[in-house]
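Going by the UniProt record's numbering, the residue at position 189 of the sequence shown is 189; the numbering climbs one at a time, nothing skipped. C-beta: ideal position from N, C-alpha, C; glycine also. Being a predicted model, the structure only gives us computed values, none of them experimental. As structure tokens, the structure follows; a few thoughts come after it.
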Amino acid sequence: MLSRPLGRGDPARSPSQSRTLFTAAMPPVLVPPAIFLGLLLALWTWKCFWIVVMQEKLLYLTWLPPFARSEKINDYEAECRPVRWEEKKLQSLDGTRLAVCEGRLPISGHQTGQKTKSVVICYFQGNGGSTPMRVPLLSQILRAIHASGASSSSENVRYTMVALSYRGYWTSSGRPTQSGIELDVQAFLSWVVETYSAPHTDLRIVLWGHSLGSAIATTGLATYLARAGEGRGFESPVPIAGLVLEAPSSSVKDMLINLYPQKWLPYRYLWPFLRSHWDSVTAMERMAAATSPAVPPILILSAEKDEVIPPHAANDLEMTGRSLGLDIARKHVLGAMHTEAPVKAEGKRTIVDFMLKCTSTQP
1 MLSRPLGRGD PARSPSQSRT LFTAAMPPVL VPPAIFLGLL LALWTWKCFW IVVMQEKLLY
61 LTWLPPFARS EKINDYEAEC RPVRWEEKKL QSLDGTRLAV CEGRLPISGH QTGQKTKSVV
121 ICYFQGNGGS TPMRVPLLSQ ILRAIHASGA SSSSENVRYT MVALSYRGYW TSSGRPTQSG
181 IELDVQAFLS WVVETYSAPH TDLRIVLWGH SLGSAIATTG LATYLARAGE GRGFESPVPI
241 AGLVLEAPSS SVKDMLINLY PQKWLPYRYL WPFLRSHWDS VTAMERMAAA TSPAVPPILI
301 LSAEKDEVIP PHAANDLEMT GRSLGLDIAR KHVLGAMHTE APVKAEGKRT IVDFMLKCTS
361 TQP
């Protein structure tokens, strides 16, 4: 196709004459910065959109480290001896298949005809990784409890550690959400009561949550107390003997602000769009409102050099618990980072002593 030649009345258009309505209203020197800022704002908005859409993937890190979901308990067997671990299966309240790691030590000081005390410690992991990678640490605590308990008591005591894999974690099916995990926790606690209750057995249950798992344990306990008080789902509910909150988080909102304190980043402004809140303060208020069974003693174990949880989270929980009249104990482990509180000698001793104390008294 031939183009029409320019005549005298048709001068060639310069770039300045072909500007859009948007750029025509500003001096030419400001056009490049305006376009750059517009692209930056569009990118920032696009990132916010995908953060909101993909928030479960970013909060529940089932995929980290790589191949976490294909790990086996046997991979850590040598680090756990003499504790023996095996995988159990149960169904959540909505039918989702869940995996549980169960670790056992033999009964100490067994005498024929003597009543047995069964201490079951229910562990709730943080938001990343699989359950098998945590069994060496849990074995250390279980061995320490067993050794201390055997030397200080003549009772027949069986210590068992059970660690729940939430939906979407390890070999559990489904996808993690707060509403779904709350169902998982109630099914798990019901399973513990049904599995470990037996004639002539005094069952004691302790809950232990780490990081996000502390909020999951607190929320789960609040719901358990409400269900037990109303008689929903239990023929004979077992009182919870104690609650350990290790490196506890007060809420997902606080975690976001602590991890991303820069005001120009989008994360801190997106909390109104959260679908998972895990608010431990609200859960404590619900616990305090329970009339029966009684709220158990609570140990808050904070880490001095915690790089994930805001420093004020443990303080807020302690102040809230005390103001509500709850039995709160607090230990600040010096030199410990986010995952190191139970590894440090004073942290391990605090956990062991607390669990022995709260399971030795009469419910």
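- For residue 181, the enclosing alpha helix (DSSP H) covers residues 178-196.
- When the five nearest sequence neighbours on each side are left out, the beta carbons in the same chain lying within less than 7 Å of the beta carbon of residue 316 are those of 250 and 281, in order along the chain.
- Put simply, the backbone Cα of residue 53 is about 40 Å away from that of residue 293.
- Taken in chain order, the complete alpha helix (DSSP H) segments of 4 residues or longer contained in the region 220-281 are 252-259.
- The residues 283, 284, 286, 287 and 290, in chain order, have a CB closer than 8 Å to that of residue 222 in the same chain once the five nearest residues on each side in sequence are set aside.
- The alpha-carbon separation between residue 139 and residue 76 amounts to approximately 10 Å.
- Note: residue 89 is bridge-paired with 99 in the DSSP secondary-structure output.
- Annotation for residue 62: 168 and 169 place their beta carbon closer than 6 Å to its own, counting only its chain and skipping 5 residues before and after.
- Residue 84 carries a strand assignment under DSSP once its states are collapsed to helix, strand and coil.
- In this structure, the alpha-carbon of residue 274 lies about 43 Å from that of residue 201.
- Collapsing the DSSP output to three states places residue 159 in a strand.
- Counted as a single uninterrupted DSSP element, the beta strand (DSSP E) harbouring residue 120 occupies residues 116-124.
- DSSP, reduced to helix, strand and coil, places residue 201 within a strand of the structure shown.
- Here residue 347 is buried: its Cβ has 16 or more other Cβ atoms, across all protein chains shown, within 10 Å.
- For residue 332, the enclosing beta strand (DSSP E) begins and ends at 328-333.
- Residue 51 sits in a helix when the DSSP states are folded into three classes.
- Take the alpha-carbon of residue 173 and the one of residue 96: they are about 6 Å apart.
- Beta-bridge annotation (DSSP): residue 210 is paired with 246.
- The beta-bridge partner set that DSSP reports for residue 347 is empty.
- Three or more pairs of CB atoms, one per stretch, sit closer than 8 Å, so the region 325-341 contacts the region 303-317.
- Straight-line measurement puts the Cα of residue 41 at about 50 Å from the Cα of residue 296.
- By the 16-neighbour rule on beta-carbons within 10 angstroms, residue 146 is buried.
- By the Cβ criterion, the region 56-75 is in contact with the region 116-134, since at least three pairs of Cβ atoms, one from each stretch, lie closer than 8 Å.
- Each of 243, 236, 325 and 158 was checked against the Cα of residue 219, and the nearest Cα belongs to 243.
- Where residue 323 is concerned, the enclosing alpha helix (DSSP H) starts and stops at 312-323.
- Partner residues in the beta bridge of residue 164, as assigned by DSSP, are 100 and 124.
- Around the beta carbon of residue 123, 16 or more other beta carbons sit within 10 angstroms, so the residue counts as buried.
- Within the model, the alpha-carbon separation for residue 328 versus residue 184 is close to 26 Å.
- The shortest CA-to-CA distance from residue 240 to any of 260, 206, 79 and 90 is the one to 206.
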